[in-house]
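Down below is the structure, laid out as structure tokens.
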Amino acid sequence: MEDCLFCKIIDKQINSEIIYEDDICVAFKDINPKSRVHLLIVPRKHIPKVSDMEEGDEKMMGHLIKVAKELAEKNECKGYQLLFNVGKEVGQIIFHVHLHLMGR
Ligand code: AMP
Ligand code: ZN
């Protein structure tokens, strides 16, 4: 998807601190961290919002949660929040699905 910041990060056209990647997703540090650990777990597939999910995407979306759990453990988070913003009304600013992992 042209003009999508996160597609460009996934394609490495734009630099970011990628800390994990596999066939399904990429995880990198949030540029404006709200917590000691603040990572974004992003599917390679461009979907603007969770509400645009299609039949067959559920395994991919579940994978994001599994990766978040593993990254939380790797970063020694005692507790953490997992968040999808869905819609500009609640503050979504990047329209490529991403799971926030915010941990302490
Ligand atoms: P959201 O409000 O859920 O759309 O969150 C988008 C997140 O992306 C925010 O927490 C931003 O700080 C983060 N962000 C924006 N640009 C970049 C970037 N170039 N690299 C890493 N994180 C970014
Ligand atoms: Zn995208």
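Each residue of the sequence shown is one higher than the one before, counting from 5 in this note's numbering. No residue lacks a Cβ here, since even glycine has one placed at the ideal position from N, Cα and C.
Three-state secondary structure assigned by DSSP to residue i
i           : result
residue 65  : helix
residue 78  : helix
residue 55  : helix
residue 119 : Residue 119 is absent from the model: the chain starts at 5 and stops at 108.
residue 38  : coil
Identified DSSP bridge partners for residue i
i           : result
residue 104 : 44, 87
residue 8   : Partner(s): none; residue 8 has no beta bridge.
residue 31  : 24, 45
Residue i vs residue j beta-carbon contact at 9 Å
i           : j           : result
residue 68  : residue 37  : no
residue 40  : residue 107 : yes
residue 89  : residue 43  : no
residue 75  : residue 45  : yes
residue 94  : residue 29  : no
residue 103 : residue 84  : no
residue 33  : residue 23  : yes
Q) Residues with a Cβ closer than 7 Å to any heavy atom of ligand 3, in chain order? A) You won't find ligand 3 in this model; what it holds is ligand 1 and ligand 2.
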